[in-house]
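Chemist: The sequence shown begins at 1 in the working numbering and counts up one residue at a time. All residues carry an ideal CB built from backbone N, CA and C; glycine is no exception.
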Amino acid sequence: MKLVNIGFGNMINASRVIAIVSPESAPIKRMIQDSKEKGMLIDATHGRKTRSVILADSDHIILSYLQAEKLGERFSQGTRNDNFEEVTVDV
Numbered sequence: 001m002k003l004v005n006i007g008f009g010n011m012i013n014a015s016r017v018i019a020i021v022s023p024e025s026a027p028i029k030r031m032i033q034d035s036k037e038k039g040m041l042i043d044a045t046h047g048r049k050t051r052s053v054i055l056a057d058s059d060h061i062i063l064s065y066l067q068a069e070k071l072g073e074r075f076s077q078g079t080r081n082d083n084f085e086e087v088t089v090d091v
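#1: Within the 7 Å Cβ cut-off, does K29 reach chain D?
#2: Buried or exposed: R51, going by 16 or more other Cβ atoms within 10 Å of its Cβ?
#3: Tell me the residue span of the alpha helix (DSSP H) that contains L71.
#4: With DSSP collapsed to three states, give me the class of S35.
#5: Taking its Cβ as the centre, do 16 or more other Cβ atoms sit within 10 Å of S64, making it buried, or is it exposed?
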């Protein structure tokens, strides 16, 4: 499992992410509101301005203060560095 830092030490499973989008469009704002009403919203901004919205395959929506471009770089990096942490999970 590859975990990616989305800011403030918050980590998400990279394999569960469908898309990283900007929060500015009306459809994304509606998705955020709907997710909040369903209890499926995870706010990882620590009170800062939301700069990116992460859509997960579990229908969760995660808000981050990092820009979508920066998160995209973290997800696309192929080597281990400070942004990634390799974790082995025994099932």
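Modeler: Working from what's here:
#1: In the structure shown, chain D cannot be found, because there is only a single protein chain.
#2: Against the sequence shown, residue 51 aligns to sequence position 51. R51 comes out buried.
#3: Within the sequence shown, residue 71 is the residue found at index 71, counting from 1. Per DSSP, L71 belongs to the alpha helix (DSSP H) from 68 to 76.
#4: As a first step, residue 35 must be located in the sequence shown, where it is residue number 35. Correct three-state label for S35: helix.
#5: The residue you call residue 64 lines up with position 64 of the sequence shown. When all chains shown are included, S64 counts as buried.
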